[in-house]
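Trainee: Have a look at the structure that comes next, please.
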Amino acid sequence: MNNASARASGRPATRLRPRSALVSAVVGLALVATAVVVSSSASAATTLGASAAEKGRYFGAAIAANKLSDSTYVGILNREFNSVTPENEMKIDATEPQQNQFSFTNADRIVNHAISRGMKVRGHTLAWHSQQPGWMQNMSGTALRNAMLNHVTRVATYYRGKIDSWDVVNEAFADGGSGARRDSNLQRTGNDWIEAAFRAARAADPGAKLCYNDYNTDDWTHAKTQAVYRMVQDFKQRGVPIDCVGLQSHFNAQSPYPSNYRTTLSSFAALGVDVQITELDIEGSGTQQAETYRRVVQDCLAVPRCNGITVWGIRDSDSWRSYGTPLLFDNNGNKKQAYNATLEALNAGGTTPPPTTAPPTT
Ligand code: XIL
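My numbering numbers the first residue of the sequence shown as 1 and each following residue consecutively.
Following this line, the structure appears as structure tokens:
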């Protein structure tokens with residue numbers, strides 16, 4: 001019986017209403033269930049940047065200005081990444097080739113490309129012992145200190161408002177077990193050169209996150225890692241402006257992914273700074289490489305203040321260590337197994353395994 005026949009029979013149609021309501025409820029539930037299924041599969045992002053963004057993070061690549069005319073390269077860049085780091089174009093030799101003569105043409109090409117597409121920019125790097133122009137290599141003492149501070153101020157001022165995070169100081173600690181500062185012309189100007197650089201960067205661009213960036217600082221037990229940790233702890237205690245620590249994370253057989261990597265990330269984060277994986281590449285191939293990428297992503301996602309990952313190049317052929325095929329795309333720009341593992345791990349979000357080591361005691 002339908003409502004029309006109920007009306008025709010003169011009997012109230014109310015008896016039918018509960019049945020209709022029940023049917024609607026069942027249909028409604030089925031629709032909701034379908035929507036849940038559809039939306040959970042629809043939320044599996046299909047690019048690295050989109051997936052990282054869903055987790056409140058960025059996924060970036062180091063890029064080179066002279067490759068922005070390569071359509072395969074730019075196609076992958078624009079599709080997959082939502083942050084860039086100039087691979088060489090913001091280094092001191094590129095931006096101040098002659099003292100007090102600044103050159104931003106190539107860095108600007110990258111910054112403009114990124115900003116016009118809504119990508120973040122990681123600035124790399126304001127003060128470093130390497131890739132210094134000749135004039136700076138030959139300087140020392142107060143003249144060098146002032147030249148370094150002038151460089152930090154001028155470059156950070158020029159890019160003020162455009163940089164998400166600056167690697168203010170790069171690679172200032174020595175390798176090995178000493179935990180000492182690296183000897184360099186900058187270090188010889190006085191142990192406080194790092195904090196002086198951070199203060200100058202803050203004054204020049206108060207909106208950028210200021211990072212200390214280094215390599216071989218991935219293993220929590222290494223003296224170099226502990227030395228950087230103590231410096232950041234000291235800076236936080238004394239109010240030296242620092243917002244983030246960059247772990248370059250160039251992994252290979254000599255410098256493998258450490259099982260305590262997550263402890264390192266969470267320990268730095270516990271000092272009250274963001275942690276960024278800034279130059280990730282993992283030499284190898286196939287499943288071994290893919291699973292290491294997966295672990296790195298899981299570790300970052302497990303640490304709330306690990307807010308971004310940058311791979312150091314796009315295709316293997318773009319890598320500074322191309323012989324190690326360390327990146328996510330092959331020479332032809334095809335996605336590798338490592339890409340699939342990375343995207344899967346990003347999409348899996350919080351479903352990460354427990355830490356592999358005990359929490360830090362320091
Ligand atoms: C490398 C670039 O990838 C190369 O093109 C360049 O010849 C040398 O520098 N640590 C860093 C990066 O902080 O700047 C380095 O980049 C790789 C190691």
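Built from N, CA and C at the ideal position, the CB exists for glycine as well. All of these numbers come straight from a predicted model, not from anything done at the bench.
Let me check you understand the geometry: is the CB of T125 closer than 8 Å to at least one non-hydrogen atom of ligand 1?
Mentor: Sequence index remark: in the sequence shown, residue 125 carries index 125 (1-based). Answer for T125: yes, Cβ within range of ligand 1.
Trainee: Could you say if the region 325–336 and the region 99–116 meet the contact criterion of at least three C-beta pairs nearer than 8 Å?
Mentor: The region 325–336 is not in contact with the region 99–116.
Trainee: In the DSSP assignment, what are the bridge partners of Q237?
Mentor: One-based indexing of the sequence shown puts residue 237 at position 237. Partner(s): none; Q237 has no beta bridge.
Trainee: Within 10 angstroms of the Cβ of G239, are there 16 or more other Cβ atoms? Answer buried if so, exposed if not.
Mentor: Locating residue 239 in the sequence shown gives position 239, where the first residue counts as 1. By the 10 Å Cβ count, G239 comes out exposed.
Trainee: What ranges does the beta strand (DSSP E) occupy inside the region 104–171, keeping only unbroken runs of at least 3 residues that lie completely in it?
Mentor: Runs found: 120–128, 165–170.
Trainee: Per DSSP, which one or two residues make a beta bridge with K363?
Mentor: It is not possible to answer for residue 363, since the shown part of the chain is limited to 1 through 362.
Trainee: Check each candidate in Y73, A61, G56 and name the one with the smallest Cα separation from N364.
Mentor: This structure gives no information on residue 364, because the portion of the chain shown stretches from 1 to 362.
Trainee: How big is the Cα-Cα spacing for Y159 and I194?
Mentor: In the sequence shown, residue 159 corresponds to position 159, counting from 1. In the sequence shown, residue 194 corresponds to position 194, counting from 1. About 20 Å.
Trainee: Please classify G176: is it buried, with 16 or more other beta-carbons within 10 angstroms of its beta-carbon, or exposed?
Mentor: Position 176 of the sequence shown, counted from the start, is the residue given in the question as residue 176. It is exposed - the Cβ of G176 has fewer than 16 other Cβ atoms within 10 Å.
Trainee: Looking at T264: is its Cβ nearer than 9 Å to the Cβ of D219?
Mentor: Here residue 264 refers to the residue found at position 264 when the sequence shown is read from its first residue. Here residue 219 refers to the residue found at position 219 when the sequence shown is read from its first residue. Yes, the pair counts as a contact, with Cβ atoms nearer than the cut-off.
Trainee: On the CB-based measure, 16 or more other CB atoms within 10 Å of its CB, does R117 come out buried or exposed?
Mentor: Here residue 117 refers to the residue found at position 117 when the sequence shown is read from its first residue. It is exposed - the Cβ of R117 has fewer than 16 other Cβ atoms within 10 Å.
Trainee: Please go through the same chain and pick out, in chain order, the residues whose beta-carbon is closer than 8 Å to the beta-carbon of K55, but skip the five residues on each side of it.
Mentor: On the sequence shown, residue 55 is found 55 positions in, with the first residue counted as 1. Cβ neighbours of K55 beyond the five flanking positions: L301, L346, G349.
Trainee: State the start and end residues of the unbroken beta strand (DSSP E) segment that holds V245.
Mentor: In the sequence shown, counting from the first residue as 1, residue 245 sits at position 245. Where V245 is concerned, the enclosing beta strand (DSSP E) stretches over 244–247.
Trainee: Since I believe R230 is in contact with E283 (beta carbons under 8 Å), could you give me their beta-carbon distance rounded to a whole number of angstroms?
Mentor: Your numbering for residue 283 matches position 283 in the sequence shown. Your numbering for residue 230 matches position 230 in the sequence shown. With a Cβ gap of about 30 Å, E283 and R230 do not count as contacting.
Trainee: Thinking V228 and A197 are a contact (beta carbons under 8 Å), I'd like their distance in whole angstroms, please.
Mentor: Taking the sequence shown and counting its residues from 1, one reaches residue 228 at position 228. Taking the sequence shown and counting its residues from 1, one reaches residue 197 at position 197. So it is not a contact: roughly 15 Å between Cβ atoms.
Trainee: Can you tell me which of the three DSSP states R305 falls into?
Mentor: Start at 1 with the first residue of the sequence shown, and residue 305 comes out as number 305. R305 falls in the coil class under three-state DSSP.
Trainee: Compare the beta carbon distance of S83 and G49 with 9 Å and say whether it is the shorter of the two.
Mentor: Start at 1 with the first residue of the sequence shown, and residue 83 comes out as number 83. Start at 1 with the first residue of the sequence shown, and residue 49 comes out as number 49. In this structure, G49 lies closer than 9 Å to S83 by Cβ.
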